Amino acid sequence: MHDCLFCRIARGEIPAARVYEDELVLAFKDIQPQRPVHVLVIPRKHITSLAHVGPDDEAVLGRMLAVAGQIAVDQGSTDGFRSIINTGRVGGQEVMHVHMHVVGGPDPVGPMLKR
Ligand code: AMP
Ligand code: ZN
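For the sequence shown, position 77 (counting from the first letter as 1) is numbered 786 according to this note's numbering, and the numbering increases by one without interruption.
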């Protein structure tokens, strides 16, 4: 059992605005949204980063991608979205539990996301 922030959200110990969940992944609204739609999709199991995945993680990583499109539409990003996974120090990862940002809204998100 891990006590990282997103493990605690997955266990329901810390509240989050959940928008999707299944047996492998969970999605909730980012607490500091950068665009009108900003959801984080995470594996229920603790995986520190994309630099820490193993062969057993392929199914859950695939699920994260597979559910992103419907989540984006459900949240109102009906004409596309951007998916971002930051990894490690160089990638600017702040929460050390793999998460995919799904960012969008009615307007194009632009060439880059400003932090
Ligand atoms: P990253 O820089 O890719 O690690 O992104 C971490 C993201 O987690 C940031 O966009 C934060 O706003 C978001 N975040 C941090 N704490 C929470 C929380 N308690 N609930 C939802 N999102 C959070
Ligand atoms: Zn974790």
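For every residue, glycine included, the Cβ atom is placed at its ideal position computed from N, Cα and C.
Since we're looking at a predicted model, the values are computed, not measured.
Any heavy atom of the ligand ZN closer than 7 Å to the CB of phenylalanine 715? For phenylalanine 715, the distance from the CB to the nearest heavy atom of the ligand ZN is below 7 Å.
Alpha carbon of glycine 778 to alpha carbon of glycine 789, nearest angstrom: Roughly 8 Å separates the two Cα atoms.
Is histidine 755 near the ligand ZN, in the sense that its beta carbon is under 7 Å from a heavy atom of that ligand? At a threshold of 7 Å, histidine 755 counts as near the ligand ZN, since its beta carbon sits closer than that to one of the ligand's heavy atoms.
If you follow the beta strand (DSSP E) that methionine 710 is in, where does it begin and where does it stop? It is not in any beta strand (DSSP E) - methionine 710 carries neither H nor E in the DSSP assignment.
Beta carbon of aspartate 712: closer than 7 Å to some heavy atom of the ligand AMP? The ligand AMP has no heavy atom closer than 7 Å to the beta-carbon of aspartate 712.
State the Cα-Cα distance for the pair glutamate 732 and arginine 753, rounded to the nearest angstrom. Answer to the nearest angstrom: the Cα atoms are 8 Å apart.
Between the alpha carbons of arginine 652 and proline 817, how many angstroms are there, rounded? What the structure shows of the chain is the stretch from 710 to 824, and residue 652 is not part of that stretch, so it cannot be assessed.
How about lysine 738 and alanine 726: are their beta carbons less than 8 Å apart? Yes, Cβ-Cβ distance for lysine 738 and alanine 726 is below 8 Å.
Is any heavy atom of the ligand PLP found at a distance shorter than 7 Å from the C-beta of leucine 749? Ligands in the displayed structure: the ligand AMP and the ligand ZN; the ligand PLP is not one of them.
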